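Chemist: Chains as they are written, first to last, in the numbering used here: chain D, 210 to 571; chain P, 210 to 571.
C-beta: ideal position from N, C-alpha, C; glycine also.
Just so we're clear, the structure is a prediction, and the values are computed from it rather than from any experiment.
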DNA sequence: CTGAAAGCGCTTACAG
DNA sequence: CTGAAAGCGCTTACAG
C-alpha cells in the first residue's frame, strides 16, 4: 500500500495483495480461472485488481502476444472534411467494440507522406491497416500496405479487385436522385455533374441518366466543379439559357447551395420555380440551408464501420495474419446511399410564361 | 537469410548478420556507438539493419522505457467538423516531428464516452493527453486526465487556470472584423452575433463593439444561431427593418452565407449594397462563396501544434512526467486570428433610395 | 489446484 | 572496446 499512487499497479502488485502468484492473477483476469483457481482466490484476485485499479500494461501484453490491438488508418485528407469525420466515427466505434484503437495518419494528398505513413504504422506493429479516402476514388494499394489485414474505405483498386473495398453505391444514388424529381412530376432535368475526372460524378451521372431514360426522358448534363461558386456559375448559365429546366440534380450539396444562390439572384424561388437535389447530406449545408436540401446521403459511417469490421474479421480468421495475411478474392462492396427528403423539391409549377425576376416568393 | 520475409527482424537477427552482439546493435542504432564500438563494426551493423529493414519492436522499447511515444487526444466532436481537421493536422504534425503518434478518441459530446476515453487512453499508457474542443468553450478537466502531461486545445478550464490551454484570440478577431468594415468606410454595422450562450460569440461581440466604440460608433447586435438558416432569418429581419445597415459582421461563415442568401433574395447585391464579414474561414464556404467571403480565420492548426508542443515539452522537462506530471502555473495562451480579405466587403454605396429589389447586379 | 520458470525484444549497467 | 546478464510486465506451458 505504500505504492505511490502515480505508479500503475502490475500483476505482481495484485498477486501480492491477493496472496497468490502472478500466474493466478493472469488466469483469472483473462477468464480462464474456472477449473484452475479456487473460487475464493478468484474473488480475492478480482477485489485486489479493482482496488489497485489494475490494468495490464499493453506493451507487455503486446510483446508477449505480438498483437498491439491497434489499427492503422491512413487517409488522404479525411480528417479535414466534415463528412470524413463520419467515416472515422464508424471506424473507431467498430474498432472500440473489439478493444482496438485507431491510429490515424493524414497525408494531405502528399505522396511522400503516404509512404512514410505506412512505414510508420507498420513500424508500430499495427494489427491491421485501412486506407480511407476523403471522396470516392481509385487507389493503387502500395506494397507497404501488404502483409497485414487491409481494407479500403471510400476507394478501390482496379488493379487489385480482391482487396476488400467499401464504397457508396453511387449509381443507385444517382437513380434515387432522379427518381425524386420524377416522382414529383419533373420531366425537364439538368444534371450539374461535378468534375468529369472524378469517378463519383461519372457514376452518379450514369444513375441519373439510367433512371430518366427508363422513364423515357433525356438528360442534359453540365460539367461543373464541386464548390459553391461552381454551382452558382453553372446554374446561372442553365437558368438563363433556353429550355430552362424545372429540376436540377447537383453533384453535391455545395453545388446545390450554389444553384439555389443563383436561382435566388435571378428571382427564382426554390422549390417553387426550381427543384434542387443535392448529394452528400453535408451536415453544415443540407439541413440548415434555406430551403433545407433534399439530398442523397453518403453512408460514410457504415463504410468506416464495415471496413474495420472486415479487417478485424480477417485478423480473427487468419491466426497468422499479423505476420502476413493471405487474402482470397472478395472484392468491392457497395453500400447504399440513403435518400433524405427535405424542402428543395416540389412539383413543377405549370409552365406559363417565364417567372418574372424580382418577385421573390417570400 | 532463411527468415521468412513476413517476420520482422529483431536486433538478434541484425547482430547475427553483422557478427556482433545485441548490445552492440542497440548502442550503434541509438547513436551511442562512437567511443564504444569500432567503426567497421558500426558500419556492418548499419548495413545489416538496412538489409533486414530492421525496426525496433515498439512494444519492447516501451516495456523497457515506459514510454509509448504516443499521445492521446480526446475530442468532443472535432473529427466531425471541417476545421477540426486543421487542429488535428497541426497536432499530428507536431507529434510526428518528435516521433510520437496520436491516438484519437472522439466522444461526440457523450459524457459517458469521455470518461471511458480517458480511461482507455491511460490504460494504453499514452505519454501525454490532449483535450481538443470542436469550438471554443469552457471545459472542466476531469480527474482522469491528471497525472500525465496535459493540454487543452480550443478550450480552457476557468477552475484550473494553470492547465496549459490554447485558444483563439476572439476579442482581437472581433476587433479585426469591425476594423475591416470601418476601414472600408462603414458606420452602420450590425453584428449577427451567434448564440449568446457560446463564449466565442460573447468574445467576438466584445471585440467588435470595442473597435466600433473606439471609432465613435454604436453597434447593433442581433442574436442568431450558427447555421445558414439562422443567417437567412436574422439578415432578412435586419435588411427589411428600419435603418438598414451597410455592413454585417457575422458570427461565422455559415451565418454569413445565410446573410448573402437573404440579401440576394431581397434583390440586394453583396458587396455592392451590403458588406459582409464572416468568421472561421471555413474551407468549404468562405473562398468558394459568391462573393468570396472576407473573413477572420481560426488558427486551429497552430492551436493543435502549440498544444502538442506544450505536452511534449512538459514530457521532456519533467523526467517523471510519464508517471505523474507536476505543473506550475502557466495558463491560457491566446493565438491570433488571421484576417482573410476577399470580395464581400466594399465601401458603402452612397445611400440614395433603397435599392430596387429585382435587379441583380450581375 | 497452484507456483516457478521461460521467453516475447529491447536497453543498460556491469564484467571482462 | 565487447559480450553476458538482468529486467521491463505479461502469459503459458510445465512441474509439483
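Which residue wins for smallest C-alpha separation from residue 405 (chain D), given the options D:398, D:424, D:421, D:430?
Modeler: Residue mapping note: residue 405 (chain D) aligns to position 196 of the first chain, counting from 1. It is D:430.
Chemist: Between D:488, D:489, D:468, which has its C-alpha nearest residue 479 (chain D)'s C-alpha?
Modeler: Reading the first chain from its first residue, position 270 is the one you call residue 479 (chain D). Among D:488, D:489, D:468, the Cα nearest to that of residue 479 (chain D) is on D:468.
Chemist: Please report whether the beta-carbon of residue 256 (chain P) lies at a distance below 9 Å from any beta-carbon of chain D.
Modeler: Residue numbering aside, residue 256 (chain P) sits at position 47 when the second chain is read from its first letter. With 9 Å as the cut-off, residue 256 (chain P) does not count as an interface residue toward chain D.
Chemist: With 7 Å as the C-beta to C-beta threshold (strictly closer), list the residues of the stretch 330-362 of chain P near chain D in chain order.
Modeler: 332, 333, 334, 356
Chemist: According to DSSP, is residue 372 (chain D) helix, strand or coil?
Modeler: Numbered from its first residue, the first chain carries residue 372 (chain D) at position 163. Residue state, collapsed to three classes: coil.
Chemist: Does any residue of chain P bring its CB to less than 9 Å from the CB of residue 305 (chain D)?
Modeler: By 1-based counting over the first chain, the position of residue 305 (chain D) is 96. Judged by the 9 Å Cβ criterion, residue 305 (chain D) is in contact with chain P.
Chemist: Counting only Cβ pairs nearer than 7 Å, list the residues of chain P close to residue 264 (chain D).
Modeler: If you number the first chain from 1, residue 264 (chain D) lands on position 55. The contacting residues are 332.
Chemist: For residue 327 (chain P), does the count of other Cβ atoms within 10 angstroms reach 16, so buried, or fall short, so exposed?
Modeler: In the second chain, residue 327 (chain P) corresponds to position 118, counting from 1. With 16 or more Cβ atoms within 10 Å of its Cβ, residue 327 (chain P) is classed as buried.
Chemist: Rank P:485, P:474, P:475, P:361 by C-alpha distance to the C-alpha of residue 511 (chain P) and give the top, closest one.
Modeler: Here residue 511 (chain P) corresponds to residue number 302 of the second chain, with the count starting at 1. Out of P:485, P:474, P:475, P:361, P:361 has the C-alpha closest to the C-alpha of residue 511 (chain P).
Chemist: For residue 197 (chain P), list the residues DSSP reports as bridge partners.
Modeler: This structure does not reach residue 197 (chain P), given that chain P is present from 210 up to 571, and the question cannot be answered.
Chemist: Using CA atoms only, rank isn't needed, just tell me which of D:371, D:355, D:216, D:356 is closest to residue 332 (chain P).
Modeler: Numbered from its first residue, the second chain carries residue 332 (chain P) at position 123. Of the listed residues, the one whose Cα sits closest to residue 332 (chain P) is D:216.
Chemist: For residue 284 (chain P), which of P:486, P:348, P:461 has the nearest alpha-carbon?
Modeler: Residue numbering aside, residue 284 (chain P) sits at position 75 when the second chain is read from its first letter. Cα-wise, what sits closest to residue 284 (chain P) is P:348.
Chemist: What first and last residue would you give for the alpha helix (DSSP H) that runs through residue 520 (chain P)?
Modeler: For the purposes of this step, residue 520 (chain P) is taken as the residue at position 311 of the second chain. Counting along the chain, the alpha helix (DSSP H) containing residue 520 (chain P) begins and ends at 509-526.
Chemist: Could you give the distance in angstroms between the alpha-carbon of residue 558 (chain D) and the alpha-carbon of residue 498 (chain D)?
Modeler: Here residue 558 (chain D) refers to the residue found at position 349 of the first chain. Here residue 498 (chain D) refers to the residue found at position 289 of the first chain. Whole-angstrom Cα-Cα distance: 22 Å.
Chemist: Rounded to a whole number of angstroms, what is the C-alpha to C-alpha distance between residue 299 (chain P) and residue 353 (chain P)?
Modeler: Walking along the second chain from the start, residue 299 (chain P) turns up at place 90. Walking along the second chain from the start, residue 353 (chain P) turns up at place 144. Using only the alpha carbons, I get a separation of about 25 Å.
Chemist: Cα-Cα, which of P:288, P:420, P:248, P:279 is closest to residue 359 (chain P)?
Modeler: In the second chain, counting from the first residue as 1, residue 359 (chain P) sits at position 150. Answer by Cα proximity: P:279.
Chemist: Quick check on the DSSP output: the beta strand (DSSP E) that includes residue 487 (chain P) runs from which residue to which?
Modeler: If you number the second chain from 1, residue 487 (chain P) lands on position 278. 484-489 is the extent of the beta strand (DSSP E) around residue 487 (chain P).
Chemist: Quick one, which of P:509, P:424, P:310 has its alpha-carbon nearest residue 294 (chain P)'s?
Modeler: Translated into positions along the second chain, residue 294 (chain P) becomes position 85. Looking at the Cα atoms, P:509 is the closest of the given residues.
Chemist: What whole-angstrom Cβ distance do residue 344 (chain D) and residue 271 (chain P) have, given they're in contact under 8 Å?
Modeler: By 1-based counting over the first chain, the position of residue 344 (chain D) is 135. By 1-based counting over the second chain, the position of residue 271 (chain P) is 62. Going by Cβ atoms, the distance from residue 344 (chain D) to residue 271 (chain P) rounds to 36 Å, so no, they are not a contact pair.
Chemist: In chain D, which residues lie less than 9 Å from residue 289 (chain P) when you measure between Cβ atoms?
Modeler: Residue mapping note: residue 289 (chain P) aligns to position 80 of the second chain, counting from 1. For residue 289 (chain P), the chain D residues whose C-beta falls within less than 9 Å of its own C-beta are 291, 292, 293, 294, 295, 297, 298, 492, listed in chain order.
Chemist: Short of 7 Å in beta carbon distance, which residues of its chain neighbour residue 369 (chain D), apart from the five on each side in sequence? Order them along the chain.
Modeler: Reading the first chain from its first residue, position 160 is the one you call residue 369 (chain D). For residue 369 (chain D), where only same-chain residues beyond five positions count, the Cβ hits under 7 Å are 350.
Chemist: Does residue 281 (chain P) come out as helix, strand or coil in the three-state DSSP assignment?
Modeler: Counting from one through the second chain, the residue named residue 281 (chain P) turns up at place 72. Correct three-state label for residue 281 (chain P): strand.
Chemist: Pull up the DSSP beta-bridge partners for residue 228 (chain P), would you.
Modeler: Stepping through the second chain from its first residue, residue 228 (chain P) is reached at position 19. Partner(s): none; residue 228 (chain P) has no beta bridge.
Chemist: Should residue 383 (chain D) go down as buried or exposed, given a rule of 16 or more other Cβ atoms within 10 Å for buried?
Modeler: As a working note, residue 383 (chain D) is residue 174 in the first chain. Buried, because 16 or more other Cβ atoms sit within 10 Å of the Cβ of residue 383 (chain D).
Chemist: According to DSSP, simplified to helix, strand and coil, what is residue 336 (chain D)?
Modeler: As a first step, residue 336 (chain D) is located in the first chain; it is residue number 127 there, counting from the start. Here residue 336 (chain D) sits in coil by DSSP.
Chemist: Pair every Cβ in the stretch 407-426 of chain P with every Cβ in the stretch 381-397 of chain P, then say whether three or more of these pairs are closer than 8 Å.
Modeler: yes
Chemist: Using a beta-carbon distance cut-off of less than 7 Å, what residues from the stretch 433-463 of chain D approach chain P?
Modeler: 436, 437, 438, 441, 463
Chemist: Per DSSP, what kind of secondary structure is residue 411 (chain P) in: helix, strand or coil?
Modeler: One-based indexing of the second chain puts residue 411 (chain P) at position 202. Helix, per DSSP.
Chemist: Would you kindly work out how many angstroms separate the C-alpha atoms of residue 454 (chain P) and residue 377 (chain D), rounded to a whole number?
Modeler: Numbered from its first residue, the second chain carries residue 454 (chain P) at position 245. Numbered from its first residue, the first chain carries residue 377 (chain D) at position 168. Approximately 46 Å, taken between the alpha carbons.
Chemist: I'd like the span of the alpha helix (DSSP H) that includes residue 445 (chain D), first residue to last.
Modeler: Residue 445 (chain D) sits at position 236 when you count from the first residue of the first chain. Unbroken alpha helix (DSSP H) run through residue 445 (chain D): 437-449.
Chemist: Give a yes or no on whether the minimum CB-CB distance between residue 508 (chain D) and chain P is below 9 Å.
Modeler: On the first chain, position 299 is the one that residue 508 (chain D) refers to. By this cut-off, residue 508 (chain D) is not an interface position.
Chemist: Please confirm whether residue 301 (chain P) has its beta-carbon closer than 9 Å to some beta-carbon of chain D.
Modeler: Here residue 301 (chain P) refers to the residue found at position 92 when the second chain is read from its first residue. With 9 Å as the cut-off, residue 301 (chain P) counts as an interface residue toward chain D.
Chemist: Can you give me the Cβ contacts of residue 537 (chain P) inside the same chain, cut-off strictly under 6 Å, excluding the 5 residues immediately before and after it?
Modeler: In the second chain, the residue the question calls residue 537 (chain P) occupies position 328. Residue placement at residue 537 (chain P) is flagged as unreliable, the pLDDT there being 47, under the threshold of 50; a coordinate-derived value is accordingly withheld.
Chemist: Measure the Cβ-Cβ separation of residue 257 (chain P) and residue 227 (chain P) and say whether it is below 9 Å.
Modeler: As a working mapping, residue 257 (chain P) is identified with position 48 in the second chain. As a working mapping, residue 227 (chain P) is identified with position 18 in the second chain. Going by C-beta atoms, residue 257 (chain P) is nearer than 9 Å to residue 227 (chain P).
Chemist: So which residues of chain P does residue 557 (chain D) contact, with C-beta pairs closer than 9 Å?
Modeler: Here residue 557 (chain D) refers to the residue found at position 348 of the first chain. In chain order: nothing, as chain P lies at least about 21 Å away.
Chemist: Here's the rule: buried if 16 or more other CB atoms are within 10 angstroms of the residue's CB, otherwise exposed. What is residue 230 (chain D)?
Modeler: Indexing the first chain from 1 puts residue 230 (chain D) at position 21. Classification of residue 230 (chain D): exposed, given that the 10 Å Cβ count is below 16.
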